[in-house]
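Let me begin by presenting the structure, written as structure tokens, before commenting on it.
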Amino acid sequence: MRATNIIRVAALLLLAAALSSNAQTNTQTNVCANNVVQNGDIVNATLPSSGSDINATNVPPWKPAYGSPQLDTSQGCHDKNSITMWGNQAVGEAVMQSVAFQAGKTYQIEFCAKYRDNKVGYANVQFRASNGSLTNPSCPAGTCEVIGTTPNLTANWDTYRFCWTPKRDYDTLTINTTNGINADDGNKVSWSNVDDICIIVIPAATITGPATSCTGTATYCSNPANPNYTWTVQNGTIVGPATGACVMVHWNAPAGGHVHADLPPLSCQPPLDLTVRDCPHPICCRDNNVRVQFGDPAARAGNVYTITPIITAGSATTVKATILSATRSYSLAACGAAAPVDVYAAAAQPPAPAGWIGPALPVTNSSQLIWDAAGPSAPVSGSFPFDVQLPPVTGGRFCNEKITICVLFEVTSPDCRTCSVTSCFTIARRAVINYESIEVPKHN
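Just so you know, we're using numbering that gives the first Met the number 0 here: the sequence shown kicks off at 0 and counts up by one.
Here it is in structure tokens:
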């Protein structure tokens, strides 16, 4: 009795295994993540054998759209199942399933397909979207859109990709075999196999970054980030690499510009574009950047020195130089410690450069000098000499000294923007050695 039970259990297990094998059912991953198509790998099937017709329930949720598409269990792209169909532009077979396509979204459609030997000598596969079922190879305007049609298939499994953005919402996906012939003739149809159908929504991407050119130089990035973008800009210069998830741009003055990003041709992501507006308010010192270089100081009588700063900026109405600090230091520590000294604008000043008046001193012994444009404005490009009064040399004989002076230069443009830069220079002075006459005693 016990042996009989064991045999019965074993027989039941073998029967279950056989049924499972014949059912061709598999719950593996559905080809790709976020696939809007169900059973895209065609592994969920309950057909008894290869070549059996697909009906409304045996390869769920696939079902015939028209004709009698079949399951082929002898050859798949990556597993043993695929769908096989015949057809041309007039007659044929097709499968369908419900898929909610939304207008304006971008879809990437990827699948495997191969040509099967037939009299025509080639085959194509076509994907269509529609509202409701299609009953033949036509695609009525207003209720149907052709998603894509492959080039001529090869006899090997190849992967094909469509990129598609529907014009309106649709609720049905239909796949059929076709060719270039429009004839209701069995000798003029083609056969194909289709497998591993993956349709995903391409996330809407944007460019993030400053909306205006106020920053002068700015970084713009793809969102979501994708390192495969190639960037171009208008009215600006790319600083560094032009490929990657982000790009750095230096905007040309004075207007805004445009940022554009492309992915490689096989990508379904549309190009990205961002128009960058001109800065709505003045950009301080971007267009009127102040640069200063000093020539060699020239000594005058009475510890007066002529300083010759070469100032470069745009047009301006006013230029100011303000002495911020002056420090005396010695060549030898024994001569004394470094300490501030009083340095101010000399009473008499050299003439102003062409197109300018000044420099004027607000008060006697002023730390500030002011040049005004002779007209509404004048170019700032050249030397703006001025004289400074230094204290006498101290520290005793053999004590050489340096006086370091820092000056704030301010340039005011015609639109009332004041841009500034602080520069320092050093005046080296030698110790004054007084030679005394010494009487040497005479010896008789």
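Glycine included, C-beta positions come from ideal geometry on N, C-alpha and C.
query                                                                                                                             : result
Cβ shell of ALA182 (< 6 Å), same chain only, five flanking positions each side left out                                           : ALA89
SER73, buried or exposed, once every other Cβ within 10 Å from all chains shown has been counted against 16                       : exposed
Start and end residues, beta strand (DSSP E) containing LEU448                                                                    : What is shown of the chain runs 0 to 443, which leaves residue 448 out entirely.
Nearest candidate by alpha-carbon position, reference THR45, set GLN37, ASN34, VAL58                                              : VAL58
PHE126 classed as buried or exposed, judged by whether at least 16 other C-beta atoms fall within 10 angstroms                    : buried
Neighbour-count burial assignment, LEU331, 16 or more Cβ in a 10 Å radius                                                         : exposed
Separation of PRO240 from HIS249, as counted between CA atoms                                                                     : 13 Å
Exposed unless 16 or more other CB atoms sit within 10 angstroms - verdict on SER212                                              : buried
Contact set for VAL340: own chain, Cβ-Cβ below 6 Å, skip 5 residues either direction                                              : ALA325, ARG327, PRO390
Residues of its chain near VAL238, where Cβ-Cβ distance is below 8 Å and the 5 sequence neighbours each way are ignored           : THR216, MET247, VAL248, HIS249
Limits of the unbroken beta strand (DSSP E) element including ASN123                                                              : 123 to 129
Coarse secondary structure for ASN302, derived from DSSP in three states                                                          : helix
Helix, strand or coil at LYS118 according to DSSP, with G and I counted as helix                                                  : coil
Residue burial classification, ASP194 (beta-carbon count within 10 angstroms, cutoff 16)                                          : buried
Alpha carbon of THR425 to alpha carbon of PRO296, nearest angstrom                                                                : 8 Å
Contacts around PRO349, its chain only, beta-carbon distance under 8 Å, and the 5 residues preceding and following it disregarded : THR305, PRO384, PHE385, ASP386
Beta strand (DSSP E) segments (min. 3 residues) lying fully within the stretch 200 to 271                                         : 205 to 207, 216 to 222, 229 to 233, 235 to 238, 245 to 250, 256 to 261
Distance between PHE408 and ASP371 (C-alpha atoms, nearest Å)                                                                     : 14 Å
Rounded C-alpha distance that separates ILE402 from ASP261                                                                        : 58 Å
Own chain, CB closer than 7 Å to ASN135, minus 5 neighbours either side, in chain order                                           : TYR65
Cβ pair LEU273, ALA204 closer than 8 Å                                                                                            : no
Span of the beta strand (DSSP E), counted from its first residue to its last, around PRO378                                       : 377 to 382
MET84 beta carbon less than 8 Å from that of PRO68                                                                                : yes
Cβ neighbour criterion (16 or more within 10 Å) applied to PRO223                                                                 : exposed
DSSP three-state assignment for GLY395, whether helix, strand or coil                                                             : coil
Cα-Cα separation, PHE100 to THR153                                                                                                : 29 Å
ARG428, buried or exposed, once every other Cβ within 10 Å from all chains shown has been counted against 16                      : buried
DSSP three-state assignment for ALA333, whether helix, strand or coil                                                             : helix
Contact set for ALA112: own chain, Cβ-Cβ below 7 Å, skip 5 residues either direction                                              : VAL124, THR149, LEU152, ASP157, TYR159, SER191, ASN192, VAL193
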